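Engineer: Below you'll find the structure I mean.
Number of protein chains: 2
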Amino acid sequence: MADTAPDVAEPTLEEQIAAYQREFQGLDPQVEKIVSALSRLNRRMNVAYGRQTAGLGISNAEWEVLKALVLSGAPYRLGPSDLAKRLGLTPAAMTHRIDRMVAEGLVTRERDESNRVRVIVELTPEGREKWLEAMRLATVFEEDLLQDLTPAERAVLGEVLTRLLRRVEDAQPDAGGRLSDLD
Amino acid sequence: MADTAPDVAEPTLEEQIAAYQREFQGLDPQVEKIVSALSRLNRRMNVAYGRQTAGLGISNAEWEVLKALVLSGAPYRLGPSDLAKRLGLTPAAMTHRIDRMVAEGLVTRERDESNRVRVIVELTPEGREKWLEAMRLATVFEEDLLQDLTPAERAVLGEVLTRLLRRVEDAQPDAGGRLSDLD
DNA sequence: TCTGAAGACTTCAAAGCTAAAGTTCGAAGC
DNA sequence: GCTTCGAACTTTAGCTTTGAAGTCTTCAGA
Numbered sequence: 231m232a233d234t235a236p237d238v239a240e241p242t243l244e245e246q247i248a249a250y251q252r253e254f255q256g257l258d259p260q261v262e263k264i265v266s267a268l269s270r271l272n273r274r275m276n277v278a279y280g281r282q283t284a285g286l287g288i289s290n291a292e293w294e295v296l297k298a299l300v301l302s303g304a305p306y307r308l309g310p311s312d313l314a315k316r317l318g319l320t321p322a323a324m325t326h327r328i329d330r331m332v333a334e335g336l337v338t339r340e341r342d343e344s345n346r347v348r349v350i351v352e353l354t355p356e357g358r359e360k361w362l363e364a365m366r367l368a369t370v371f372e373e374d375l376l377q378d379l380t381p382a383e384r385a386v387l388g389e390v391l392t393r394l395l396r397r398v399e400d401a402q403p404d405a406g407g408r409l410s411d412l413d
Numbered sequence: 231m232a233d234t235a236p237d238v239a240e241p242t243l244e245e246q247i248a249a250y251q252r253e254f255q256g257l258d259p260q261v262e263k264i265v266s267a268l269s270r271l272n273r274r275m276n277v278a279y280g281r282q283t284a285g286l287g288i289s290n291a292e293w294e295v296l297k298a299l300v301l302s303g304a305p306y307r308l309g310p311s312d313l314a315k316r317l318g319l320t321p322a323a324m325t326h327r328i329d330r331m332v333a334e335g336l337v338t339r340e341r342d343e344s345n346r347v348r349v350i351v352e353l354t355p356e357g358r359e360k361w362l363e364a365m366r367l368a369t370v371f372e373e374d375l376l377q378d379l380t381p382a383e384r385a386v387l388g389e390v391l392t393r394l395l396r397r398v399e400d401a402q403p404d405a406g407g408r409l410s411d412l413d
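Structure below.
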């Protein structure tokens with residue numbers, strides 16, 4: 231029998247924290263618990279979103295673009311570089327992604343006639359409809375996820391997360407946010 | 231002057247929620263606040279981790295592998311498919327990633343002589359050292375991030391996040407977690 | 001008007017990932 | 001013992017993203 235257990239189970243959050251404490255002296259288990267749970271939770275949520283959007287015939291990547299355009303408000307237009315900044319992509323990646331979405335009829339791309347260097351990406355009615363369908367699924371999932379939290383817990387959670395977010399956003403003013411978005 | 235504002239600012243969390251409410255009837259702003267903050271926070275944290283590991287000469291992707299191996303406990307060995315499951319990658323991607331890490335001396339790869347179908351990936355002392363350095367930076371960052379939270383807030387946050395995590399993990403038992411890990 | 005510089009996007013090559021098709025080895029049935 | 005099935009990894013082809021180099025347009029100055 232090998233030293234490498236024949237069936238190495240995925241560690242639970244609790245096991246993971248315990249292992250970290252064994253391997254790294256001076257670790258605050260409470261901090262680690264918060265950070266690890268946050269990371270894992272986010273991954274699971276993205277898997278769930280991915281499943282839902284896949285069912286609608288669009289990728290998670292495309293949904294990100296739809297969201298950014300809708301958030302910009304009517305007439306739902308943004309330039310490729312604005313989109314790239316919001317999504318944390320390079321302009322090159324944005325060019326390709328827009329290519330695909332134009333081919334699928336989710337957005338249109340045209341030159342800005344008032345400044346011919348710029349390009350305008352605009353949501354099509356089909357794109358808006360896809361966003362709406364995805365949004366309906368997403369909100370159902372989100373409500374279900376938070377279902378067991380009391381009103382007080384929701385309030386604290388929202389407030390505390392917002393505070394943490396403000397802290398990192400101030401620290402990384404807008405730092406060209408490249409770099410892998412793992413976990 | 232174009233309709234597309236010349237300088238479209240990245241929306242703040244509050245602006246984002248407000249925009250969603252305008253565009254989607256019946257949205258619970260509190261739920262959306264929690265979900266959006268979670269997602270944004272996670273992205274920012276990954277950018278921060280990426281910066282730190284890059285400073286150590288390893289990628290965020292490599293750090294993930296080091297973490298999984300250390301978490302498995304001494305003698306820090308796992309098979310490629312175990313690693314792939316933990317990181318949410320395909321076996322093929324794992325093969326390539328291990329190739330690179332072997333070339334950099336972070337891990338070794340050898341056949342399991344007791345079962346020659348299996349392969350054993352083992353952390354090298356250099357790999358362990360890199361993990362330790364990354365861990366030191368990560369914990370400093372994490373302590374700093376949570377610095378303004380009261381003990382009560384930390385307790386609630388940890389408990390609530392754990393509860394949410396349990397809820398999704400039960401719902402997606404271990405669903406081959408493929409699918410994009412965006413955001 | 002012409003020139004130079006900067007900005008916005010695109011193109012190209014290379015890295016890293018997925019999906020699907022191999023390989024190789026071990027275990028079970030005949 | 002031979003065959004077949006299944007498991008664990010690797011290989012191959014195609015796609016998405018990155019980084020760097022290019023193209024086109026605008027603007028400011030000579």
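Top line first, the protein sequences correspond to chains A and B. Counting in the working numbering, the first sequence runs from 231 upward without gaps. Counting in the working numbering, the second sequence runs from 231 upward without gaps. Where is the CB? At the ideal position from N, CA and C, for every residue including glycine. These numbers were taken from a predicted model, which means no experiment stands behind them.
Counting contacts by CB-CB distance shorter than 8 angstroms, is A/A314 in contact with chain B?
Structural biologist: Output row for A/A314: interface = no.
Engineer: By DSSP's criteria, B/T338 is part of a beta bridge. Which residues make up the other side?
Structural biologist: BP columns for B/T338 point to B/E352.
Engineer: Can you give me the Cβ contacts of A/L332 inside the same chain, cut-off strictly under 7 angstroms, excluding the 5 residues immediately before and after it?
Structural biologist: Residue identity differs from the one stated: residue 332 of chain A is Val in this sequence, not Leu. Excluding residues within five positions, the ones whose Cβ falls inside 7 angstroms are T338 and R339.
Engineer: Find the residues of chain A that neighbour B/D400, judging by a C-beta separation of less than 9 angstroms, and give them in chain order.
Structural biologist: Ordered by position in chain A, no residue passes the 9 angstroms Cβ test against B/D400, which lies about 10 angstroms from the chain.
Engineer: Which residues, in chain order, does the segment 261–277 of chain B contribute to contact with chain A at a C-beta distance below 8 angstroms?
Structural biologist: Those residues of the segment 261–277 of chain B that come within reach of chain A (Cβ to Cβ, closer than 8 angstroms) are V261, E262, K263, I264, V265, A267, L268, S269, R270, L271, N272, R273, R274, M275, N276 and V277.
Engineer: For B/P236, I'd like the list of residues in its chain whose CB is within less than 6 angstroms of its CB, leaving aside the five on either flank, ordered along the chain.
Structural biologist: Unreliable positioning characterises B/P236 in this predicted model, as indicated by a pLDDT of 44, which lies under 50. A coordinate reading is not provided.
Engineer: From the beta carbon of B/G335, is the nearest beta carbon of chain A less than 8 angstroms away?
Structural biologist: No - not a single Cβ of chain A is within 8 angstroms of the one on B/G335.
Engineer: Only counting the same chain, and skipping five residues up and downstream in sequence, which positions put a Cβ closer than 7 angstroms to that of B/Q251?
Structural biologist: The residues are L257 and P259.
Engineer: What are the boundary residues of the alpha helix (DSSP H) that A/E389 is part of?
Structural biologist: Counting along the chain, the alpha helix (DSSP H) containing A/E389 begins and ends at P381 to A401.
Engineer: Going by DSSP in three states, B/L286 sits in which element: helix, strand or coil?
Structural biologist: Here B/L286 sits in coil by DSSP.
Engineer: Taking Cβ-Cβ distances shorter than 7 angstroms, what residues in chain B pair up with A/D329?
Structural biologist: Simply none; closest approach about 18 angstroms.
Engineer: Taking only the alpha-carbon atoms, compute the straight-line gap between B/A248 and A/K297 and give it to the nearest angstrom.
Structural biologist: So the two alpha carbons sit approximately 14 angstroms from each other.
Engineer: DSSP three-state label for B/R273, please.
Structural biologist: Looking at B/R273 - three-state DSSP - the assignment turns out to be helix.
Engineer: Could you spell out where the alpha helix (DSSP H) holding A/D329 opens and where it closes?
Structural biologist: First-last of the alpha helix (DSSP H) with A/D329: P321 to A333.
Engineer: What residue from B/A284, B/V347, B/P305 and B/V351 has the CA that sits closest to B/A314's CA?
Structural biologist: B/A314 has its Cα closest to that of B/V351, out of B/A284, B/V347, B/P305 and B/V351.
Engineer: Taking 8 angstroms as the CB-CB limit, is A/L296 close to chain B?
Structural biologist: It does not; no Cβ of chain B falls within 8 angstroms.
Engineer: Cα-Cα, which of B/I264, B/L243 and B/R358 is closest to B/L301?
Structural biologist: Of the listed residues, the one whose Cα sits closest to B/L301 is B/R358.
Engineer: Which term fits A/D400, buried or exposed, when burial requires 16 or more other beta carbons within 10 angstroms of its beta carbon?
Structural biologist: When all chains shown are included, A/D400 counts as exposed.
Engineer: Using the three-state DSSP reduction, which class does A/R316 fall into: helix, strand or coil?
Structural biologist: Helix at A/R316.
Engineer: Please report whether the beta-carbon of B/G285 lies at a distance below 8 angstroms from any beta-carbon of chain A.
Structural biologist: So no, B/G285 is outside the interface.
Engineer: A/L271 to A/N345, Cα distance in whole Å?
Structural biologist: Those two C-alpha atoms are separated by around 44 angstroms.
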